[in-house]
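Inspection log for the structure reproduced underneath, given as structure tokens.
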Amino acid sequence: MNTLKKKIIICNFAKTISSAVLTAVAINIIMENATKYALIEGLIPFALAIIIVALVDIYQYMRKKIWIILVIWKKEFRNWRGNMVNKKILIAVPTFESIKPECFKSIYGLKRPEGYDLYFDYVSGYDCAKARNQIAKNSMVGEYDYVLMVDSDIQLPRDTLVKLLECEADIALGWYYRKRTKTDQTIIFTFGKNFDDHNCITGQTMIHEVPRPIEVKCGGLGIALINVNVFSKLEYPYFKFVTYENDSILSEDLYFCNLASENSCNIKCNPQVKGNHI
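Per my numbering, residue 241 is the first one in the sequence shown, and the count goes up by one each step.
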């Protein structure tokens with residue numbers, strides 16, 4: 241409720257109280273001085289009738305204003321209560337069989353961002369694309385605000401959620417080295433044409449030359465915080481493997497990033513969120 245409306249209500253309320261006080265004074269004067277001023281006996285009921293009508297008007301006015309005030313206060317209370325309700329983050333692991341103990345332990349130890357409630361789920365028995373699609377559906381049905389996808393062989397740093405939220409992006413990525421790599425390759429790609437080593441941000445670059453979250457073309461989703469609203473902008477399936485005529489393959493995570501970028505979703509990577517690829 242803005243300040244002007246509050247002032248108007250207060251003024252009207254004061255005006256009504258003043259009318260009530262003046263009416264009460266008038267009743268007192270009439271009753272005390274009726275005999276003194278030798279008022280005609282028949283005028284007293286008439287005067288009382290006028291006063292009663294005035295009191296009824298005051299009552300009707302007050303009842304309407306009080307009702308309006310209660311409605312406004314109720315609305316303000318609901319808004320206040322709505323602002324107090326925490327947002328929800330679903331932490332979900334797509335896995336074909338099991339979750340590495342180190343992965344689960346790191347999820348259990350995550351620092352909860354202030355104002356957020358955390359929920360855990362996993363989807364097993366599917367290939368990675370189908371599992372991620374199911375997680376996306378679950379996040380929408382459950383009306384979550386964000387979904388953190390974590391690969392079953394990734395160990396997270398404790399402040400993962402806090403740091404990814406700082407990106408203020410539709411899709412916020414952590415990073416990690418490719419499994420069994422010996423060439424400093426990560427899973428984060430810059431804005432080149434192809435997803436090859438020339439467009440890959442190396443680990444040394446990420447550690448020593450990237451001081452803050454940066455926009456990227458795409459990356460692996462082993463550590464990925466996704467705003468659930470992103471899925472409503474995309475055509476289903478959100479994740480799928482693509483095999484080209486030359487037998488090259490586009491993985492489900494890179495496909496998703498491409499699809500999201502084409503629909504005006506921004507993607508950032510926070511270099512401070514470094515996972516351990518087990």
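Virtual Cβ for every residue (Gly too), placed ideally from N, Cα, C.
The residues Leu401, Val402, Leu405, in chain order, have a CB closer than 6 Å to that of Pro353 in the same chain once the five nearest residues on each side in sequence are set aside.
Rounded to the nearest angstrom, the gap between the Cα atoms of Asn516 and Ile312 is 53 Å. When the Cα atoms are used, Tyr362 and Ile309 turn out to be separated by approximately 48 Å. Looking from the CA of Tyr348, the closest CA among Gly355, Ile331, Thr335, Phe336 belongs to Ile331. Distances from the CA of Gly355 to each of Asp410, Tyr386, Asp391, Ile339 were compared; the closest alpha carbon is that of Tyr386.
The beta carbons of Leu396 and Ile441 sit about 20 Å from each other, so the pair does not count as a contact at 8 Å. By the Cβ neighbour-count rule, Ser488 is exposed, with fewer than 16 other Cβ atoms within 10 Å of its own. Of Ile394, Glu342, Phe360, the smallest CA-CA separation from Asn378 is found for Phe360. Taking the CA atoms as reference points, Val296 sits about 47 Å from Asn326. Counting C-beta atoms within 10 angstroms of its own C-beta, Ser346 has 16 or more neighbours from the protein chains shown and is therefore classed as buried. When Lys419, Ala500, Trp415, Ser472 are compared, the shortest CA-CA separation from Gly460 is found for Trp415.
By alpha-carbon distance to Leu474, the top candidate from Ala500, Lys480, Asp493 is Ala500.
In this structure, Cys505 lies near Asp410, with their beta-carbon atoms less than 7 Å apart.
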